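Here the structure is laid out as structure tokens; the discussion comes afterwards.
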Amino acid sequence: MVAGYSRKVCDVEIRQLCMEDLDDVMVLQQENYAPELLEGREVFESIIRYQAQFCRAIVHAESIVGYLFAHLHARDGPPPALAVALHEQSFPSDGLVFIHDACISKKFQGRGLLRLMLSTIDQREGMACVAVQGAEVVWKKLGFLAVRSAGDCGYGDGSLLMIRDSPRVEEEGVLLSDAQRPLSRPIAVRS
Numbered sequence: 039m040v041a042g043y044s045r046k047v048c049d050v051e052i053r054q055l056c057m058e059d060l061d062d063v064m065v066l067q068q069e070n071y072a073p074e075l076l077e078g079r080e081v082f083e084s085i086i087r088y089q090a091q092f093c094r095a096i097v098h099a100e101s102i103v104g105y106l107f108a109h110l111h112a113r114d115g116p117p118p119a120l121a122v123a124l125h126e127q128s129f130p131s132d133g134l135v136f137i138h139d140a141c142i143s144k145k146f147q148g149r150g151l152l153r154l155m156l157s158t159i160d161q162r163e164g165m166a167c168v169a170v171q172g173a174e175v176v177w178k179k180l181g182f183l184a185v186r187s188a189g190d191c192g193y194g195d196g197s198l199l200m201i202r203d204s205p206r207v208e209e210e211g212v213l214l215s216d217a218q219r220p221l222s223r224p225i226a227v228r229s
């Protein structure tokens, strides 16, 4: 059993990623990214080691069919370089949540699972990501806005740094993130 967040929705479970998931993550990454965008296992290990509370797995029939690696990042800092392992000092104590990598198996795409994974994370001061391989269309649908090119950080031509402000809402005088806010209705995922 993995410690941390876990939620069952239809035929999948969304839970916190752990080191034991990395073999499946590496296969899924290789199936979905161009070779120049692949990151080594040590990059993912470093994120889980220091920021596991921001990482999620989508599990179907005991197999990882999607994942999200995220970590705290300075709001005004450049995106982390591609394929470089991060160290404990790389992570600020607060800031926005940087989505380092998100991938969902083609068979499970179009079911709202990325939106669902994002909703389970404390989003602090907002979120940022680098859109690659034309994924800016997906991120725009999730409320992210393009800020600048990210090609200078190793993500390749056409990559874009994108940011979304925090979805915090005022409820009885307290700001709550999606992860803290009680569900007002069940989340449905198409099967």
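Numbering (the working numbering), first residue to last: 39 to 229.
For every residue, glycine included, the Cβ atom is placed at its ideal position computed from N, Cα and C.
Being a predicted model, the structure only gives us computed values, none of them experimental.
Next on the checklist: Since residue 135 and residue 110 should fall inside the 8 Å C-beta cutoff, what is the C-beta to C-beta distance between them, to a whole number of angstroms?
Outcome noted: 6 Å
Q. Can you give, in chain order, each stretch of the beta strand (DSSP E) that sits fully within the stretch 121 to 176 and has at least 3 residues?
A. 134 to 142, 165 to 169
Q. Taking buried to mean at least 16 other C-beta atoms within 10 Å of its own C-beta, is residue 57 buried or exposed?
A. exposed
Assumed close pair residue 90, residue 54 - CB separation to whole angstroms, cut-off 8 Å: 6 Å
* **Beta-carbon separation (whole angstroms), residue 60 vs residue 79, contact threshold 8 Å** => 6 Å
Length-filtered (4 minimum) alpha helix (DSSP H) runs lying within the stretch 59 to 102: The stretch 59 to 102 contains, as complete alpha helix (DSSP H) runs of 4+ residues, the segments 60 to 70, 79 to 89 (chain order).
Should residue 63 and residue 97 be called a contact, given that it needs their Cβ atoms to be closer than 8 Å?
Result no, Cβ atoms of residue 63 and residue 97 do not sit closer than 8 Å.
**Helix, strand or coil at residue 189 according to DSSP, with G and I counted as helix** = helix
### Within 8 Å, strictly: CB atoms of residue 75 and residue 106
With a cutoff of 8 Å on beta-carbon distance, residue 75 and residue 106 are scored as not near each other.
Simplified DSSP assignment, three categories, for residue 57: helix
At what residues does the beta strand (DSSP E) containing residue 198 begin and finish? 198 to 202
Original post:
Nearest to residue 83 by CA position, among 178, 131, 157, 123, is which residue?
Top reply: 123
Discussion item. Between which residues of its own chain and residue 153 is the CB-CB distance below 8 Å, once the five residues before and five after are set aside?
Written reply: Result list for residue 153: 180, in chain order.
Hey, residue 73 and residue 199: beta-carbon distance below 8 Å or not? no
Rounding to the nearest angstrom, what Cα-Cα distance links residue 34 and residue 197 in this structure? Since the first residue of the chain shown is 39 and the last is 229, residue 34 is not available in this structure.
When you compare the CB positions of residue 230 and residue 177, do they come within less than 8 Å of one another, or not? What the structure shows of the chain is the stretch from 39 to 229, and residue 230 is not part of that stretch, so it cannot be assessed.
| field | Distance between residue 48 and residue 112 (C-alpha atoms, nearest Å) | value | 36 Å
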